[in-house]
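Student: Below you'll find the structure I mean.
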Amino acid sequence: MGKTNRFSKDGIARYLTERLLREKKTQQKIKSVRPKTQLFSIGRNSSKSSKPINRLEIEQRVNRLIQATMEKEDLIKQIVSDRAVLEEHRTSAIQEEILDVLERPGAIDDLDLRSLVRSVGSTQGLEGSIAMAKHRLAEVESRIAGLISSKQIAEAYEDHIARKVMVIRSARNVKSLQSLIEKCELAHMELLARRNNQNVTLTGADNEIVNKYELIRQKAHEKIDDLMGQDEIYYEVKRRRLLEYRRQLLKDGFVETPSIRDEVMGIVSHSKLGIPVLLRGHLGTGKTEIALHVARKYFGYEPEFISGSEEATKYDIYGRTQIGIRPEKDRIREFEHHMREYMKWNPDAPKEELKEVEKQYYHAIVVRGLTTSFFHYGPLVRAMREGKPIIIDEMDGIPHSIVMRLNHVLTRRAGDTVRVQENGGDDIIVKKGFTVLATGNIKSARYKREELDAAFLSRWWSSDINYPPQEETYEILVASLLDRRGNLQIRNASDLDDVRALTESAAEIQRIFTGESVDYFGEGADAAREIPASLKKSVLSLRHLWNIVRPWKARNFDRPLENYILNEFIKPSIIEDQVYLVQIFCRFRFFKTWKVQDFGIPGLTEERLLAYQGKPPGPTGK
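The sequence shown lines up with residues 1 to 622 when you count with our numbering.
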């Protein structure tokens, strides 16, 4: 007998419709006991009219009903949230009280003014906001009651909910199928790693398991393709993916896009086999974030971490002897132990001798033994002992002699023994889960890094991390502009055009920064001598893009996006890059109406700016 759903899509639809109808009756009951002067009343009951409603009108009313129910939910959450804040800050003065003090005739003495300032908190205006929200909530509930009173509208709403539930379940099934594919991939990796650690090849049974994993993945992909062929399901899956991007962005500032996931699976597959992984890339490609993501999500640990620098020593990696304070109880316990041992081996010692020995032991152990030395294990040894990943960030920034000492631990497997020379040859047994992830920069004149030995590099699996594709970057920024339901919070469609242009600008800046794009028309270029324009240290990474868009959204799009581009990215960049950055952004239609004085950037002249904007020189030629 097949498993049945406890709540069918039709059942859910009926429940939601009946709930609205119950709320309508409640509203009508409230109306009957309210005085005529009450602000909020229920509209006429449209069910009394026998006149049928045409299909277009039904669709419009259902849409209004849907919007009203969502607004009601938001208002209730706002009221509850604001009330909770007020409960915590009851001492804060309200805005009306502050205005009353400031508007009183006569001077305010210093004491009153200071008291007023102290009373100002973060809750100003919340009382008024709650009152307005309650007012609006009553209006929305009244509107819902009027709309749901029509049998035609109620039935259409029920059909809408049933269809929406079906679409949501299908979208969830797509997500589940994608998770199934990933689980199969990871299980395949685990099998290969287990046989590799056992130093045996795959058996016939193993190969059969691998083939079944492949078949499962194939059929799962076919099911996903079937579901995604329906427009409603496709767009719901898309909406949910963007909402997941939004969640990841707000939580970690890191998003696992399809391109990053491909990189991640390659990292995981090699790490499971005990092969150390080196991630190389330019500034801002997210190497370190990817390594942290792999350690947390696929190994289940917060990793140990080594920051690469020229000052790094072997003690920063393996550990060092430290001096600490011994607790008094430990010192007394040791003193008593030594006294018992002395009396055990000297049973006939006279009292005067015992008193003298006791005095010497007490002085040596309790009084002078206040401090003790102990060995504090470094991050590499802790990772081996505890079976955790370790990340060596910017490994090529560590002195070569120190890095080479890692050779003997790079290929260690679970159960192997590693001797820690810094602790007198202490033997450490490597625990399962230990893996090494490292990051480094791509070799170029821009980065002052150590040259890694070829024999040393041969022990690593290396992967070059690139900047995310432009389309993925655009989706991430769009996701950052969504509310929790997946609705875009923008003023108009031109805001999205600006976001698109911003990602195009970022892609061009990244290409110029990496040398992939050669610009002989940029600021500082010399085409005659084949010297292209270049950016010294400035690159528009995802982190910078997020820092531009986030305050723009937080301030309700109060100014054009280009203002935030200037203040959040161009001006914080080094002076040598600022003029060229202005030129690049002008190519993507930013700053088209700006004047030189609007920028406040040294070296940016009116003549240059007009050229960047594609305008003829001014009357004076300046």
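C-beta: ideal position from N, C-alpha, C; glycine also. Note that the structure is a prediction, hence the values are computed from the model and not measured.
#1: Determine the extent of the alpha helix (DSSP H) in which T435 is found, giving its start and end residues.
#2: Using 8 Å as the Cβ pair cut-off and three pairs as the minimum, do the stretch 376-389 and the stretch 307-317 touch?
#3: For T605, which of helix, strand or coil comes out of DSSP?
#4: By Cβ distance, which residues of its chain are closer than 8 Å to E358, with the 5 residues on each side in sequence left out?
#5: On a Cα-Cα basis, can you pick out the residue from S401, V403, V409 that is closest to P389?
#6: Considering Cα atoms alone, identify which of R333, G281, V268 is closest to G300.
#7: Below 6 Å CB to CB, which residues in the same chain sit around K272 once its five sequence neighbours on both sides are set aside?
#8: Distance, Cα to Cα, G229 vs Q489?
#9: Look at the alpha carbon of S534 and the alpha carbon of G440, and state the distance between them as a whole number of angstroms.
#10: Considering only residues of the same chain and omitting the five flanking positions on each side of I53, which have a CB-CB separation below 6 Å?
#11: What would DSSP say about L243, mapped onto helix, strand or coil?
#12: Please report the Cβ distance between L279 and A291, rounded to the nearest whole angstrom; I am assuming they are in contact, meaning their Cβ atoms lie under 8 Å.
#13: R511: which of E356, P350, G284, T435 sits nearest, CA to CA?
#14: Pull up the CB-CB distance for L477 and V539, whole angstroms please, since I reckon it's below 8 Å.
#15: Considering only the alpha carbon of each residue, which of I76, L496, E256 lies closest to P560?
#16: CB-CB under 7 Å to I574, same chain, minus the five flanking residues each way: which ones, in chain order?
#17: Who are the near neighbours of T435 in its chain, counting only those whose CB is closer than 6 Å to its CB and skipping five residues on each side?
#18: Tell me, please, whether the stretch 577-589 touches the stretch 493-508 by the rule of three or more beta-carbon pairs shorter than 8 Å.
#19: To the nearest angstrom, how far is the alpha carbon of R136 from that of D483?
#20: What's the C-alpha gap between L227 and L242?
#21: Starting from P379, trace the beta strand (DSSP E) in both directions and tell me its first and last residue.
#22: Between the alpha carbons of S46 and A133, how many angstroms are there, rounded?
#23: Classify I531 as helix, strand or coil using the three-state DSSP reduction.
#24: Just to confirm my understanding: we take K287, look at its own chain, exclude 5 residues before and 5 after, and list those with CB closer than 6 Å. What are they?
#25: Tell me which residues share the same chain as R459 and place their Cβ nearer than 6 Å to its Cβ, disregarding the 5 neighbours each side in the sequence.
#26: Any heavy atom of the ligand GTP closer than 7 Å to the beta-carbon of V366?
#27: According to DSSP, D393 sits in a beta bridge with which residue or residues?
#28: Round the Cβ separation of A171 and E236 to the nearest angstrom and send it over; I've been treating them as touching at under 8 Å.
#29: Let me check one thing: in DSSP terms, what residues is S463 bridge-paired to?
#30: What do you get for I531, buried or exposed, if any count of 16 or more other CB atoms within 10 angstroms of its CB means buried?
#31: Please identify the residue among S259, M395, E328 whose C-alpha is closest to the C-alpha of R368.
#32: Threshold first: 4 residues or longer. Then list the alpha helix (DSSP H) segments lying entirely within the stretch 469-549, N to C.
#33: With DSSP as the reference, please indicate the residues paired to V418 in a beta bridge.
#34: Short of 7 Å in beta carbon distance, which residues of its chain neighbour P617, apart from the five on each side in sequence? Order them along the chain.
#35: What's the C-alpha gap between E182 and K164?
#36: I'd like to know whether the C-beta atoms of I275 and W461 end up nearer to each other than 8 Å.
Tutor: Concretely, from the data shown:
#1: As a working note, residue 435 is residue 435 in the sequence shown. Here T435 belongs to no alpha helix (DSSP H); instead the beta strand (DSSP E) covers 435-440.
#2: yes
#3: Along the sequence shown, one-based indexing puts residue 605 at 605. Residue state, collapsed to three classes: coil.
#4: In the sequence shown, the residue the question calls residue 358 occupies position 358. So the list reads M339, once near-sequence residues are dropped.
#5: Position 389 of the sequence shown, counted from the start, is the residue given in the question as residue 389. Selected option, being the one with the closest Cα: V409.
#6: Here the question's residue 300 lines up with position 300 in the sequence shown. Taking only the C-alpha atoms, the option nearest G300 is V268.
#7: Locating residue 272 in the sequence shown gives position 272, where the first residue counts as 1. For K272, where only same-chain residues beyond five positions count, the Cβ hits under 6 Å are M189, A193.
#8: Walking along the sequence shown from the start, residue 229 turns up at place 229. Walking along the sequence shown from the start, residue 489 turns up at place 489. In a straight line, the C-alpha of G229 is about 28 Å away from that of Q489.
#9: Mapped onto the sequence shown, residue 534 falls at position 534. Mapped onto the sequence shown, residue 440 falls at position 440. Roughly 22 Å separates the two Cα atoms.
#10: Here residue 53 corresponds to residue number 53 of the sequence shown, with the count starting at 1. Here the set comprises Q152.
#11: If you number the sequence shown from 1, residue 243 lands on position 243. L243: helix per DSSP, three-state reduction.
#12: Taking the sequence shown and counting its residues from 1, one reaches residue 279 at position 279. Taking the sequence shown and counting its residues from 1, one reaches residue 291 at position 291. Between A291 and L279 the Cβ distance is about 6 Å, and since that is below 8 Å, they are a contact.
#13: In the sequence shown, residue 511 corresponds to position 511, counting from 1. Considering only alpha carbons, the answer is G284.
#14: Locating residue 477 in the sequence shown gives position 477, counting from the first residue. Locating residue 539 in the sequence shown gives position 539, counting from the first residue. Contact doesn't hold; Cβ gap of about 17 Å is too wide.
#15: Walking along the sequence shown from the start, residue 560 turns up at place 560. Among I76, L496, E256, the Cα nearest to that of P560 belongs to L496.
#16: To locate residue 574, count along the sequence shown from 1; it is residue 574. So the qualifying residues of the chain are K536, K537, S538.
#17: Walking along the sequence shown from the start, residue 435 turns up at place 435. These residues qualify, in order along the chain: S271, P389.
#18: yes
#19: Reading the sequence shown from its first residue, position 136 is the one you call residue 136. Reading the sequence shown from its first residue, position 483 is the one you call residue 483. About 20 Å.
#20: Counted from its first residue, the sequence shown places residue 227 at position 227. Counted from its first residue, the sequence shown places residue 242 at position 242. Going from the Cα of L227 to the Cα of L242 covers about 18 Å.
#21: Position 379 of the sequence shown, counted from the first residue, corresponds to residue 379. Per DSSP, P379 belongs to no beta strand (DSSP E); it is in the alpha helix (DSSP H), 379-386.
#22: Within the sequence shown, the letter at position 46 stands for residue 46. Within the sequence shown, the letter at position 133 stands for residue 133. Because the pLDDT of S46 is 41, which lies under 50, any placement of that residue in the model is unreliable, and the number read from its coordinates should be weighed accordingly. The alpha-carbon atoms of S46 and A133 are separated by roughly 27 Å.
#23: Indexing the sequence shown from 1 puts residue 531 at position 531. Reduced to three states, the DSSP call for I531 is strand.
#24: Here residue 287 corresponds to residue number 287 of the sequence shown, with the count starting at 1. Counting only Cβ-Cβ distances below 6 Å, and skipping sequence neighbours, we find L279, G281, T439, I465.
#25: Taking the first residue of the sequence shown as position 1, residue 459 is located at position 459. Here the set comprises L410.
#26: Judged by which ligands are present, the structure shown has none, so any question about the ligand GTP falls away.
#27: Numbered from its first residue, the sequence shown carries residue 393 at position 393. For D393, which the question treats as bridged, DSSP gives the partners S307.
#28: On the sequence shown, residue 171 is found 171 positions in, with the first residue counted as 1. On the sequence shown, residue 236 is found 236 positions in, with the first residue counted as 1. That pair is a contact at about 4 Å.
#29: To locate residue 463, count along the sequence shown from 1; it is residue 463. Paired residues: L279.
#30: Start at 1 with the first residue of the sequence shown, and residue 531 comes out as number 531. Exposed, since its Cβ has fewer than 16 Cβ neighbours within 10 Å.
#31: Residue 368 sits at position 368 when you count from the first residue of the sequence shown. Looking at the Cα atoms, E328 is the closest of the given residues.
#32: 470-480, 493-514
#33: Translated into the one-based positions of the sequence shown, residue 418 becomes position 418. Looking at the DSSP assignment, V418 forms a beta bridge with I428.
#34: In the sequence shown, counting from the first residue as 1, residue 617 sits at position 617. For P617, where only same-chain residues beyond five positions count, the Cβ hits under 7 Å are E607, L610.
#35: Within the sequence shown, the letter at position 182 stands for residue 182. Within the sequence shown, the letter at position 164 stands for residue 164. One C-alpha to the other measures close to 27 Å.
#36: Your numbering for residue 275 matches position 275 in the sequence shown. Your numbering for residue 461 matches position 461 in the sequence shown. Yes. Within cutoff.
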